[in-house]
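Trainee: Handing you this structure, nothing more for now.
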Amino acid sequence: MSNTSTRALFPPWNLDSWKQVDDSIRGGASKSFLVAWSGGNNDGKYKDAVSFHGHLGKYLAYVNISTLGGAGFASQKYEFKHPLNWGEIDKSKSHLTLLIIPPKASEKNVNRPSEFVVTLKTTRPPPPSQPKPRSQVTYESSFTAPTTQYSSPKSFEGISVTLPLASFLPTYRGRAIPPDDPRWQELDPTSIYEIGFMCRSEFGKQEGDFELVISAVEVHCVRTSAIWRWCVAAWRHVGHWFKLTRIPHHS
338 MSNTSTRALF
348 PPWNLDSWKQ
358 VDDSIRGGAS
368 KSFLVAWSGG
378 NNDGKYKDAV
388 SFHGHLGKYL
398 AYVNISTLGG
408 AGFASQKYEF
418 KHPLNWGEID
428 KSKSHLTLLI
438 IPPKASEKNV
448 NRPSEFVVTL
458 KTTRPPPPSQ
468 PKPRSQVTYE
478 SSFTAPTTQY
488 SSPKSFEGIS
498 VTLPLASFLP
508 TYRGRAIPPD
518 DPRWQELDPT
528 SIYEIGFMCR
538 SEFGKQEGDF
548 ELVISAVEVH
558 CVRTSAIWRW
568 CVAAWRHVGH
578 WFKLTRIPHH
588 S
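Going by the numbering used here, the letters in the sequence shown line up with residues 338 to 588, in that order.
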């Protein structure tokens, strides 16, 4: 049995199943969209690409900046019908790969937001009946969009952006959770409920129109060795036993 595997997450994109989650839920002015991209070249290459685009807006004067924390964001989320289980893998060697179509050479693309975030959730999202989305721990990995630009529709090639699964760190409402926080724990690759794309202001560092064209998303998994899996299982067993022995007994 091979220790490595590559699984395609998108396409197909199932665009009707993506959900817009922008800072408007907290009184902001940012907007995001995820639609089929119409800029493919003549031979049909990248015909399945999508455009994640929108606008990072400034907050209106009457918005309480302390409530929003000064962080504008625009994002699209996709909840899997069944949580993905990538197995017992080496997160330092396993990674997500995004095939990105670089922007067309144009002056209007200068100074556009270029920092993006991929998000993963390992807990089931709240039901749609819930009036307001409940904040959950989210695992985030950020990257800078490729800057190589093409001059004509026939000349461009996709550029791979690799995000090691070990780079996905726990956050809460956009802020990193410190290791000494009880909520901190490593990404669980056996329970992936949701994936998302986000562009945020980074507390005023970027704003305005943005676009990220994505042709495909894959996950490359490298399984841990049998010996390592045995050691992890043994350690968990010892930890469970240690907790039991510390439970006070009453006569």
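All C-beta atoms in this analysis are idealised placements derived from N, C-alpha and C, irrespective of residue type, glycine included.
So who's on the other strand from LEU346, going by DSSP bridges?
Mentor: DSSP output for LEU346 lists no bridge partner at all.
Trainee: Taking the alpha-carbon positions, what's the LEU346 to TRP355 distance?
Mentor: 14 Å
Trainee: What are the boundary residues of the beta strand (DSSP E) that ASP359 is part of?
Mentor: Boundaries of the beta strand (DSSP E) harbouring ASP359: 355-359, taken from the DSSP string.
Trainee: Does at least one heavy atom of the ligand FMN sit under 7 Å from the Cβ of SER552?
Mentor: For the structure depicted, the ligand FMN is absent and the ligand set is empty, with no information on it obtainable.
Trainee: Would you tell me roughly how many angstroms separate the C-alpha atoms of ILE529 and HIS419, rounded to the nearest one?
Mentor: One C-alpha to the other measures close to 9 Å.
Trainee: Taking just the CA atoms, how far does ALA366 sit from ARG560?
Mentor: 43 Å
Trainee: How is SER326 classed by DSSP in three states: helix, strand or coil?
Mentor: The chain is shown from 338 up to 588; residue 326 falls before or after that span and cannot be answered.
Trainee: Between which two residues does the beta strand (DSSP E) harbouring PRO515 extend?
Mentor: Looking at the DSSP string, PRO515 is not in any beta strand (DSSP E), and its letter there is neither H nor E.
Trainee: Using only the alpha-carbon positions, how far apart do THR456 and PHE534 sit?
Mentor: The alpha-carbon atoms of THR456 and PHE534 are separated by roughly 6 Å.
Trainee: Mind checking who GLY391 pairs with in its DSSP beta bridge?
Mentor: In the DSSP output, where bridge partners are listed per residue, GLY391 has SER369, PHE547.
Trainee: Please classify ILE362 as buried or exposed, where buried requires at least 16 other C-beta atoms within 10 Å of its C-beta.
Mentor: exposed
Trainee: Below 8 Å, how does it come out for the segment 520-529 and the segment 418-433: are there three or more Cβ pairs, yes or no?
Mentor: Because the criterion of three Cβ pairs below 8 Å is met, the segment 520-529 and the segment 418-433 touch.
Trainee: Take LEU549 and list the residues in its own chain whose beta-carbon comes closer than 8 Å to its own, dropping the five residues that flank it on each side.
Mentor: SER388, PHE389, HIS390, ILE437, PHE453, ALA482, PHE534, CYS536
Trainee: Note down, in chain order, each residue of its chain lying with its Cβ closer than 7 Å to the Cβ of GLU539, except the 5 sequence neighbours on either side.
Mentor: GLU452.
Trainee: On the DSSP bridge list, what partners appear for LEU589?
Mentor: Within the shown structure, residues of the chain are numbered from 338 to 588, placing residue 589 beyond reach of any answer.
Trainee: Return helix, strand or coil for LEU457, following the three-state DSSP convention.
Mentor: strand
Trainee: Should THR343 and GLU494 be called a contact, given that it needs their Cβ atoms to be closer than 8 Å?
Mentor: no
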